[in-house]
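Below: the structure, in C-alpha cells.
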Amino acid sequence: MQVSTGQTTPPVSENGSSNEATNDRAALRRTLLWLSIAGASAAVTFFAVRAMMRRTPVDPTSERIQALIDEANRLLRTLDDKKHD
6 MQVSTGQTTP
16 PVSENGSSNE
26 ATNDRAALRR
36 TLLWLSIAGA
46 SAAVTFFAVR
56 AMMRRTPVDP
66 TSERIQALID
76 EANRLLRTLD
86 DKKHD
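This note's numbering numbers the first residue of the sequence shown as 6 and each following residue consecutively.
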C-alpha cells in the first residue's frame, strides 16, 4: 500500500529534468526580490546619511542671540560673585 503525502511530483520532460521554465521563473523571482530589498536598503541608507550630514546654514540672527545669552550669563555670574564677596 502506498501512502500519499499530498505532494505532486513536477512533470518530467523528455531529457529527464523537471520543468526548467518553472525553475527559471522561480529563480528570477528570487533574484528580483533580493535586488529590490538591496535597492530599498541602499536608498534608505543614502537618505539617512544625507540627512545626518546636512548642516544648517549659519544664521546671523541666531549667532547674535547666542552671543547675547552668553553675555547675560557672564554678567549674572559676575553679579553672583560680587554678591558672595
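Glycine included, every Cβ here is placed at the ideal spot set by N, Cα and C.
Next item on the list: Give the secondary structure of Asp64 by DSSP, where H, G and I count as helix, E and B as strand, and everything else as coil.
Entry: The sequence position of residue 64 within the sequence shown is 59, counting from 1. DSSP places Asp64 in coil when its eight states are reduced to three.
Checklist line | For Ala48 and Ser41, the rounded distance between their alpha carbons | finding: In the sequence shown, the residue the question calls residue 41 occupies position 36. In the sequence shown, the residue the question calls residue 48 occupies position 43. Answer to the nearest angstrom: the Cα atoms are 10 Å apart.
Check: Which residues bound the alpha helix (DSSP H) around Asp90?
Finding: Numbered from 1 along the sequence shown, position 85 holds the residue referred to as residue 90. Note, Asp90: premise wrong, no alpha helix (DSSP H); not H, not E.
Note to self: Does Arg79 come out as helix, strand or coil in the three-state DSSP assignment?
What the structure shows: Mapped onto the sequence shown, residue 79 falls at position 74. Correct three-state label for Arg79: helix.
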